[in-house]
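Chains as they are written, first to last, in this note's numbering: chain A, 96 to 434; chain B, 96 to 434; chain C, 96 to 434; chain D, 96 to 434. Backbone N, C-alpha and C fix where the C-beta goes; we use that ideal spot for every residue, glycine too. Inspection log for the structure reproduced underneath, given as structure tokens.
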């Protein structure tokens, strides 16, 4: 019974069907095909504004390429201390930008606070001797399974823009966030001030498909060249585009996110006192202690420690295709731990 | 009737089946899954020696990542003037290595000659003021549709190694080359002295799958970190690994290459006097002149100019899934042009 | 009466004399001259072990080039939160290495503690997804005017080496540190485990001259190419080498450091309750409060705020050529502030 | 009797005097001093238009930093095949830009021709798959000791600008070129269309001083940050600024260039049939053959081979401080070789 990560999941049948349906005929390579050409329109409809959308195969590529379009080698990128770009991408933003550095902000349940960003901006002098603040990188949902509210994002984006920062959003679990909020996708992106979004699909049912969505169109030309130069323009682009179209247009994004989110809520209910953070997407962080942790593992549950083993803190991620019986079993086991 | 590129082709049914078969159960992400773990063994068997093999999604990634493991920012990479890494990857080797430069060698029908490499090495002083020769990059099959013989490769690799260069091979059409030669895959790689190979599958029937194959194992650790840092480690790695396993183990590589190679031979036969280079893989370069070029296009054939329009030179690529009737029609049309 | 920085100082007469004396005859450029050739020997004698020593014109170059020889693009460099490389070099280590990131450690009076480094190493998982710990960067004297004792350095270097880190030392004020300790230069470098040192001379009386000193000779070849590639190999190398030779061989390093150190001690004595950190080199950090700060400025003293103006914290740096009467006046003024 | 390079020369007495005169008082570091602040005005007067001018210590820094402001990592820089940036800077432009590549154009006596640039531009397709042409790099005087006429430069710059390239000029021997032409410095820079100039002084009598002169002011902010990040902002900036001021304002640039140019003319006259290129600055290229080469060396003349030893081609460079008797002796010896 695996709760390691949503990356362990399979691809949704709708995704494989879309790939299968795209698999006929000779079409021009490198994005000049009917599927890829429809991405702009598809995402413009989804977001309710004119966007430019580009397919890549990984989230690290989406994040780093978009950050490199807004940060030069001497740029400073503010991100929260839990950010994926800081901890799980082997320094990708530094590599893609030629040297940019991250400044990590303390977070509240995974969220950058207005106060923390404001303090960091104030504490960082801008002279020819210092890194130049260029970007604010946010994750929605966050790495701790929480979700920014539209007004939180608006306030952060305003602060960022007032300091001439661009705002990049890591939306690896964007669908879970929007589903949780019940809002329009535009409410937590361009309406709030986000300039460029890594729109994730892989974790939520795609095979390997992410979109980089530009609300600020001026960044696009540089992006396209960086994408090619870094090996992220797929030759048979139709197959990744077809995944994205199916994911967005058939509401697969919402169906899958609703399933994993609701499972996560059930587990949260069962986990009660162990919860370390509000559960607003498909991730749960439980302070079990080492003994209970061990009991759960002996009972056949697989999950990651969160931090050092000795802390007894753990992470459970619900995949879109998690078996219901595993969730039921986990809830029961968590109940037992409280007796 | 499209003869643009083998990148315009579809994925082989065997590939989609393999993806489908991998699509069950929660497995550990980022390569720690049963499919990916089997790549080393699969490619070791294929090459007849112990190799390390890694999956990526694009040929540009395979080439650039492998070159970056053998060339620092002050490295010089020798390649032929037609090389894909020089002309079609937006400067990727320079980006991945942090600045390495290419020195382009004149080629004979797309092949680097021993004399040209020898002369270039001699003409390049090695001092603290100059770029340091670090790599020889070869393409097999070449960009002009020709194929190095094992003894040609051995001689080039020996010359390279004598000058402390590592040898990287761009095998985007490796299957076509091996099929043409009727040799063992080892004969044109490690037995000849190749250190690292970009083993292409995408052009020859995969959906998006290339392998970086290391015959020199010392390069592996650096590669793995560079792959991750550049966003080329796929989270749901099983799907790209499954493609490679199916491609290699079911002999799909050979079946598809045999088909496109044999079609290319038919067209070569029909093209007679227009042939600019020997046809040894699935590409044909025809010096048609502008008038004949136009006639072919009016007859419904699609293909690229090779160089400026005014030269009348053209490229035709046969895809693994090229329709036989298109080939027949093209042969006929080429015959007509000679009457 | 300026106490801004030791960078505001002049060059020592001995330095100008040395330049003048080197100014005759045509000599081979780029380091193949008698002065530059003697650097290895000069510094080997100074340090009491065989070293390789290279001249550059700036401290940022010395630090970044040496760090780039020990950290790849995916490397992690540990440094204290006050480090010059973190705050005052515009992200140079990231640029020179192609992306490496700094992890900043809390410091005690500017010194990295064994506990802080140990905790940081433990908290940083080493997987293919994370930056790879590669270097520990220390400053001697520190940015807060304190000085590591030999045993502190030995313990830090041992911890670093046990984790396969190399140790780089920013010795912009190395002379002040050694003079304060009264130890042999080897005691706080190679005997303690330092692998490469930025040996500063500019702040302490040179015109523009720093040496990169390698105790680990394996790093040298890479360094030499990086130095050239980054434009830091001077064509008329004799003039920077001559500065270094004069600085080291005539004991200028010690004479100048003794003067500025002893002035700093006098001021420290006068500053009494305002001292924020021990004064062990030529820098003083005084918590004056905004009112006293203003009074000092009105009295004609020039110095920098340390942090935001509102904190009332200040930095005073004594240059090697500081006028004695300015020091006397400052002592008196600080005394007045306490009445 | 050394004719190796003008880098072997000493610093002019006027330069050392200027350094000496700047050597008093504490002044703000990093360019905020009276000498550095006057550079803009000094060079604006010199060029007859408003420029921004910045001091660095080496020509490689000047060239690479200016190129990095006009070429991204995916940029293509056109230069002549003899260019210093291609052959003698260890790949610096690639490093500073994060990957940009050079395309080397055949030259006539070291000069890029309009035809060669035009052909190269036409032969290079501009798509997302290719490097993006961004810069034309010219050397004045050229690496073969010739000098572009103003109208040649105007035509090249116009062609470059018509293709959205910026024009960078390597003026390591700019003084020799202007002196030879007898023109106004503006005639071969901004009036012809040059966007940014590496103005060399080191080879012509400075100790270590080059200026980067921007005619296109939009590039300045990026440059300043790149200069700092790459360690090329000198802390005691006054000493390099003082050199430049003395060099320009006292007409030292012209006096020294006149001396070395006129000596070169004398040698050219004596070398008669051996001359490989017109002598228009202070460099001579003589096709002596191996036997005569040996005779000259036996007679005590020191100079570099140009290319492989077997070609018998040689380079002689006259330094600003070349002894007249050495020139007389060389003329005599060259005369002897013709008997």
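Residue 198 of chain D and residue 172 of chain D have their C-alpha atoms roughly 6 angstroms apart. Residue 174 of chain A is bridged by DSSP to A/199 and A/232.
Ranked by how close their Cα comes to the Cα of residue 322 of chain D, the residues D/110, D/121, D/196 and D/158 have D/158 in first place. Looking at B/166, B/141 and B/178, the one whose alpha-carbon comes closest to that of residue 240 of chain B is B/178. Of the candidates B/412, B/149 and B/351, B/351 places its Cα closest to the Cα of residue 110 of chain B. Listed along the chain, the chain A residues whose CB falls inside 7 angstroms of the CB of residue 186 of chain B are 324.
In this structure, DSSP gives residue 265 of chain A an extended state, which the three-state scheme calls strand. Residue 184 of chain A carries a coil assignment under DSSP once its states are collapsed to helix, strand and coil.
Legend: CB atoms of the segment 314-342 of chain A lying less than 9 angstroms from CB atoms of chain D belong to residues 317, 319, 320, 321, 322, 323, 324 and 328. Close partners of residue 119 of chain C in chain B (Cβ separation under 8 angstroms) are lacking, with about 25 angstroms as the shortest Cβ gap. Using a Cβ-Cβ cut-off of 7 angstroms, residue 223 of chain D counts as an interface residue toward chain A, since at least one Cβ of chain A sits closer than that to its own.
Counting C-beta pairs closer than 8 angstroms gives three or more between the segment 304-317 of chain D and the segment 141-161 of chain D, which meets the contact rule. In terms of CA proximity to residue 208 of chain A, A/231 leads the group A/393, A/186 and A/231. Within chain B, 320 have C-beta atoms less than 9 angstroms from the C-beta of residue 227 of chain C, given in sequence order. Boundaries for residue 333 of chain B: no beta strand (DSSP E) harbours it, while the alpha helix (DSSP H) harbouring it runs 333-344, taken from the DSSP string.
Using a Cβ-Cβ distance cut-off of 8 angstroms, the segment 376-383 of chain C and the segment 97-109 of chain D are not in contact, since fewer than three pairs of beta carbons, one from each stretch, lie closer than that value. Of the residues assessed, residue 319 of chain B falls on the buried side of the cut-off, its CB having 16 or more other CB atoms within 10 angstroms. Taking residue 313 of chain D as reference, the option from D/161, D/121 and D/326 with the minimal CA-CA separation is D/161. For residue 193 of chain D, the C-beta contacts it makes with chain A under 8 angstroms involve 168 and 193, in order along the chain. The contact set of residue 196 of chain A on chain C, defined by CB atoms closer than 7 angstroms, consists of 186, 189, 196 and 197 in chain order.
In the three-state DSSP reduction, residue 97 of chain B falls in the strand class (E or B). With its beta carbon at least 7 angstroms from every one in chain A, residue 259 of chain C lies outside the interface. Exposed is the label assigned to residue 364 of chain A, since fewer than 16 other Cβ atoms lie within 10 Å of its Cβ. From the beta-carbon of residue 97 of chain B, the residues of chain A found nearer than 7 angstroms are 121. Residues of chain B whose Cβ lies closer than 8 angstroms to the Cβ of residue 351 of chain A do not exist; the shortest such Cβ separation is about 14 angstroms.
Beta-bridge annotation (DSSP): residue 305 of chain B is paired with B/151 and B/295. Under the three-pair Cβ rule at 8 angstroms, the segment 108-127 of chain D counts as touching the segment 105-121 of chain C.
For residue 382 of chain D, the pairing in a beta bridge is given by DSSP as D/408.
When the five nearest sequence neighbours on each side are left out, the beta carbons in the same chain lying within less than 7 angstroms of the beta carbon of residue 262 of chain B are those of 231, 233, 252, 255, 288, 289 and 290, in order along the chain.
Using a 10 angstroms sphere on the CB of residue 125 of chain A, the tally of other CB atoms reaches 16 or more, which defines it as buried.
About 25 angstroms separates the beta carbon of residue 300 of chain B from that of residue 401 of chain B, a gap too long to meet the 8 angstroms contact definition.
In the three-state reduction of the DSSP assignment, residue 207 of chain A falls in the strand class, which pools E and B. Bridge partners of residue 370 of chain D according to DSSP: D/381. Taking C-beta atoms as the reference points, residue 274 of chain A and residue 182 of chain A fail to come closer than 7 angstroms.
Spatial neighbours of residue 128 of chain A in its own chain (CB-CB distance under 8 angstroms, excluding positions within 5 residues in sequence) are listed in chain order as 122, 332, 333 and 336.
Note on geometry: alpha-carbon atoms of residue 343 of chain B and residue 294 of chain B lie some 11 angstroms from one another.
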